[in-house]
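Comments concern the structure below.
Residue numbers (my numbering): 62 to 1256.
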C-alpha cells in the first residue's frame, strides 16, 4: 500500500469487461466480517495521517478481504498493489530525435563541455562531499533583504505642528484615554487595545507615543503595520496631516515597491508583509525599534498570524521592545492566552452610531418581482414537438433504442428545445433516462451540452438517483464527480439552529420566505442593490454610498449597471461618480476614493472587504452590505485551491456597519436577515487554516531559528495549521527545488520567497526569464494565480458556444494555456479599440478578471525589475527577455518546468490518462482537450476520442480535482517528450541517474524480470532516471547527450539565480540556442500548431480606465479582433483530421520585426498557419528512439 497525495479510482483485481459491466463497483457486493472492516478502516486512517510511506497487510487475508482493501484504498486515494508488484503498470513511450539535433547537442558539448563545477553544483548535497560549494553568507543576507524597511536609529521626535484637524482629534473617544494608554504601554511588553470603530485608535495611539517621547526627550522608532497597502498609505498621510507636516518627514510609509521614508522618520506605516521581510534579515533588525503596533489584528490573514508568531519570540530577546495589538473586534480570550495575560484597553466608539437596517425593512422593493417569477411551462412548445420528444424518450427507456438519441439531439439543436426537456407525463429528462439505462457515452454528451444534474422527475429522483436505482455504477461515479466539480449547493435558512423571527410580522415573514425561495441567497442580488441605491438617491440629497461586494466581478457588474444599463442613473451620470476598491488595483487608483468631490456630485464606492478596516472615507453616510466575501480555501490532500463566495463573520458585519457616518449620523443596510446574522461565524476562519502554505513555509525558513523545522515553528502560531498541510507544503517545495532534503532554501527558493505568486508559478516565471519568453508566461502565470477568465453561462446552448470560443482561442494547439493567453491578448486589442465589454460578452469572458490580471502582471514585473532579473536597458532588458516569446515550444518548456510534478502520461494501449498519483484521470469538461473538434454536437465516447486525438504522449496540467472516485485535470497542454526529459524532475540528480545497459536501475530489473510486456531489445538501452516514477529508456549515446544538455540548462539556470543581473556569456547564449533548436524540432515533428502573435506585449493602458459607453452598444460593430475570430468549423475539422494523419509539417519562421505589427490573435484558418492539407514532410533519416518507463507506484 503506497501513499498518494490525491485520491482517484484504481482498478482492483482483474475482471472481465462483462463482469465489470454487470456488477456494481461499490462495497455492497463485498461481504466480509464487520470486525475486519473496522480494523481495516482504522489501519488506513492511521496510515493516511501518519508518516509512513507504505504499509503492508498480512498475506493470510482472503481474496474477498483483499478486494475490500483494494476498493477502500481506491476511495481514499491510496495506491494498492500486490506484494510482488504485478499491478505496477509499465508504459513504454517513444519519441524521435533527428540527427541534426543530435549533432547540434554534440557541437554545444564539444565547445562548452560540462565542467566539474557544474556537475558538482547539480549533485544532491549528500554527494558533493568536500566539493560542497557553500553559498556566501552575504549573498544569503542579500536575498533576505529584498523589500524590507531601511535601517535607522531611534530619534527624539520633533514637536508636533499645529493643524486645522486638532479640534477633530480631541473629539475622538480615544483622546480621553491618552495618559492611561501611554502608561500601560510603558509598563507592559504586550498590550491589547480593543477600540470600537471610529474611536480613533489607528491614527492616535502612534501619535500618543510620539508626543510622549518628545515630551520626555526619549528616542523612539515605531513600526505600525496594516493589513493592506491602501490602509498603510491613507493612515500615514492622515497622521502627517494632523501633525502639520509632509509625508516622509517624521511620518512615513513603505509598501511593496513603494517607499516614503527618510532618515528623520520615527513612525513608519507598512504592510504586514514588509515587516516580515524586514525580519528575514535577522532578529537584530528590531534592535533599534522601540514599538511595534499591529493594527487590525482581527483579520487573521496568514501574514499577521505569522508575524505574531515571530514577534512573540522577539519580545523575549529585546526587553525594550513594546508590542501593541489593536483591533475593533477580535477574539480577546485567544490573544490573552497566547500572550500570557497581557492587559486590555477598551475604547468606546464615536457618538454617531449608525443605524443598522436588515433585510426586512426594504424587502418590499422586490415584492413586484416575486409575482412575475413563475416556472416556464413545458406546454409552451408546439404539440408536434412535445409528441416527438416524448416518443424519443419512451423509445430509449422502454426499448433501449440507442438510435433514438440521434433524433433527440437533432430536435434539441435544430428546434432549440432545452436539453433538460422533461417528459410530459413522467417529467423524466434525457439525462435521467440515459443514466438509468446505462448509456455512458450519451450521459457524457448530455453533460457537455449543459444538462442540469439537479433536475428532478415527478417521483423526486435526479439523474444520479436513476443511476443508483438501476445499478449503473460507472454513471454514478461520473455524475458524483460532475456534481462536485460544479459545486452546486444551496443553504436554506430553515436548517439553521438559531432563529429569531419574533420582531417580524406575519406579512414580513411571508415576504422574506418568498424572496429566499425565489432568489439563491448564496449569490449577490444586484437588482436589489440597484433598487435600494435608487431609493437612497430619492430620499436624500447628499452623502456618499459605500457598497460592500464579494469580488471584482460583482464590482464591475454593478458599475456597468449604474453607468450604462439603468437609465435612472445613466441619465444623471453627471451627478454621480463611481469609484472601485480592490486589493489588486494600483495604489494610485485606490487613493482617488479618499478625495472629496465638488458639491452636487454623489460618490458611490464599490468595494471588497478592503474598505472594512483602517480606511476612513469621511463623506460616507450610507453603507450597503451584501454580507458576502470571497475566500480562498485549500484542499491539502488534492493540492486544489478554490475561490469561494462565503458569508462574512459577525465581526466583519460590525466593521462594515462602522464605515457609515464617520462624521455624521449614517445608515447601514445589511442585505441579510437577522436570522442569518445570528448564525454567522463570530470571526472569519484564519487564513493559516485554509490557505496553501508553500509561500509561508519559504518565509518560515528565513524567519525561524537555524535548524528549527518548519512544522515546529508554525506550531507556535495562535491557531496552528494541521501538520498534514505543513508536511505536504514542505514536500511540494522540495519537489520544485525550492528546498533541499534538510529544509534549507536553495538559490531558487530565496527568489521564490520574493515573488508575489505561488512557488510553482514563480519558478515558471523565472524559467521564462532565462529562456527569454517572459511576456506570455507573465500572462499565463497571473491568470493561473487568479482564476479562469472564462465565465460559465447558464443556458445549455450558450455553454456549447462558450466551449467553441475556448477552442477558437486555443487555435488547434491542444493547450488550455494557449486559450488563456490568446483570450487576454484579444481582449487587450478590443480594449484599445474601445469595445472590450461587448468583446467579453461575445466570447464569454470576465472583464473584471482581465483587469485584475493587468494589475498582477504589473506587480510581478515590478518585482522582477527590483530583484535584477529584468534590467532597465541593455542585456536583460524587457526586449531581451522576450526574444523567444514568439516560440510556443519554448513557452511550453517554461510551463513544464513550473507545472512539474503535474505531469500526465497517455496510455495509448488502454486509452486512458495516468499520473504518478492517479491510475486514471479524465479531462475536466471545461478543458479544450476534453473532446475533439466538433461543430455543435459533442461525439459519443468523447473522453476516449479526446485521448486518441492527442498528438503527444505527455500533458501538463494546472490543477487536479477529485470527486468521489474520479479525478479531473484542469488547464492542460500537450507537451513533447524532450521537454519533459529536459525540464521535468529535480535539478539536482544523483550520480546514478544515468544507468548504462550493464548496470540496470535497482528495482526496474526486479519489478520487470517476470514481465512479458517489456521488449527484449530494451536490454541494450540506458536508463535516465529523473524520479522514481519517471525513467527514460534511451540508447546510451543519446542518453548521455540529453543528460549533458540537462546539466547545461540547469547550470545556466543556477548561475542566473545566483547572479540575476550578471551579463550573459557566450556559453549561456549557445546553451539557449541549442535548447530552442531541440524543442522546436520536436514540436514540428509532433505536428503541433504554432500560432503567431503570442509574443506581443500588451499596450500600456490604465487598469482603471472605464469602458466607452458608446462603443459597446452597437452590435453591428466588428473590429479587427472580432474579425480574427470568425470561426470556420469545417476548416477546423479538416485540419484536425489531416493532422492526425500527418503529424509532421514545418512551421514558417517569423522575425522579431514582423511581430510588432501582428494583431494579438489569428484565426485557426489564417494563412499564417501552414496548410494541414499539404503533403507531409518526409520523415527525417536516422531517427533516434527514446523510450520511457512510467511507474505508477510511488514505492
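Quick reminder that beta carbons are idealized off the backbone N, C-alpha and C, glycines included.
Three-state secondary structure assigned by DSSP to residue i
| i | result |
| --- | --- |
| residue 668 | strand |
| residue 352 | strand |
| residue 445 | helix |
| residue 1008 | helix |
| residue 331 | strand |
| residue 1131 | helix |
| residue 194 | Any reading at residue 194 must be qualified, since the residue scores a pLDDT of 42, below 50, and its modelled position is unreliable; no value is offered. |
| residue 509 | helix |
| residue 742 | coil |
| residue 873 | coil |
| residue 1142 | helix |
| residue 985 | coil |
| residue 256 | strand |
| residue 1086 | strand |
| residue 1269 | Past the boundaries of the shown model lies residue 1269; the chain is included only from 62 to 1256, so the question cannot be answered. |
| residue 363 | helix |
| residue 1003 | helix |
| residue 379 | coil |
| residue 223 | coil |
| residue 44 | Missing from the structure shown is residue 44; the chain here goes from 62 to 1256 and no further. |
Pair within 7 Å by beta-carbon distance, residue i and residue j
| i | j | result |
| --- | --- | --- |
| residue 524 | residue 492 | yes |
| residue 328 | residue 254 | no |
| residue 26 | residue 159 | With the chain represented from 62 up to 1256, any question about residue 26 goes unanswered, as that position is not in the structure. |
| residue 518 | residue 489 | yes |
| residue 1045 | residue 957 | yes |
| residue 930 | residue 830 | yes |
| residue 516 | residue 528 | no |
| residue 404 | residue 252 | yes |
| residue 777 | residue 370 | yes |
| residue 614 | residue 909 | yes |
Best match in the options for proximity to residue i [C-alpha to C-alpha]
| i | options | result |
| --- | --- | --- |
| residue 304 | 319, 281, 265 | 265 |
| residue 867 | 771, 897, 940, 1033 | 1033 |
| residue 636 | 643, 655, 604 | 604 |
| residue 651 | 677, 1117, 381 | 677 |
| residue 770 | 804, 780, 745, 800 | 804 |
| residue 688 | 712, 1029, 1102 | 712 |
| residue 339 | 287, 280, 210 | 210 |
| residue 1153 | 931, 983, 371, 887 | 887 |
| residue 238 | 133, 269, 892 | 269 |
| residue 477 | 498, 446, 595, 976 | 446 |
| residue 219 | 261, 326, 314, 115 | 326 |
| residue 623 | 644, 658, 663, 341 | 663 |
Cβ-Cβ separation, residue j to residue i (assumed contact under 8 Å), whole Å
| i | j | result |
| --- | --- | --- |
| residue 1055 | residue 1104 | 5 Å |
| residue 386 | residue 364 | No, residue 386 and residue 364 are not in contact; Cβ-Cβ is about 14 Å, not under 8 Å. |
| residue 990 | residue 981 | Wrong, their Cβ atoms sit about 16 Å apart, outside the cutoff. |
| residue 878 | residue 915 | The pair is not a contact, with the Cβ atoms about 18 Å apart (cut-off 8 Å). |
| residue 907 | residue 901 | 7 Å |
| residue 717 | residue 684 | 6 Å |
| residue 533 | residue 496 | 6 Å |
| residue 1084 | residue 1092 | 5 Å |
Short CB-CB distance (under 7 Å) between residue i and chain D
| i | result |
| --- | --- |
| residue 177 | Among the chains of the structure shown, chain D does not appear; only one protein chain is present. |
Flag this pair as touching only if the segment 657-671 and the segment 604-611 have three or more C-beta atom pairs under 8 Å; answer yes or no. Taking a cut-off of 8 Å on C-beta distances, the segment 657-671 touches the segment 604-611, as three or more cross pairs fall below it.
Take every Cβ of the segment 163-183, pair it with every Cβ of the segment 1115-1132, and state whether three or more of those distances are shorter than 8 Å. Between the segment 163-183 and the segment 1115-1132 there are three or more inter-stretch CB-CB distances shorter than 8 Å, so the stretches are counted as touching.
How about the segment 354-362 and the segment 378-398: do they share at least three Cβ pairs that are nearer than 8 Å? Short answer: they touch.
Using 8 Å as the Cβ pair cut-off and three pairs as the minimum, do the segment 778-796 and the segment 746-762 touch? In short, these stretches touch, since the Cβ pair count reaches three.
Indicate whether the contact test is met: 3 or more Cβ pairs, each with one atom in the segment 307-316 and one in the segment 733-744, closer than 8 Å. Judged by Cβ distances under 8 Å, the segment 307-316 makes no contact with the segment 733-744, as fewer than three pairs qualify.
Would the segment 271-283 and the segment 220-229 be scored as touching if the rule is three or more Cβ pairs under 8 Å? Between the segment 271-283 and the segment 220-229, the count of Cβ pairs shorter than 8 Å is three or higher; the stretches touch.
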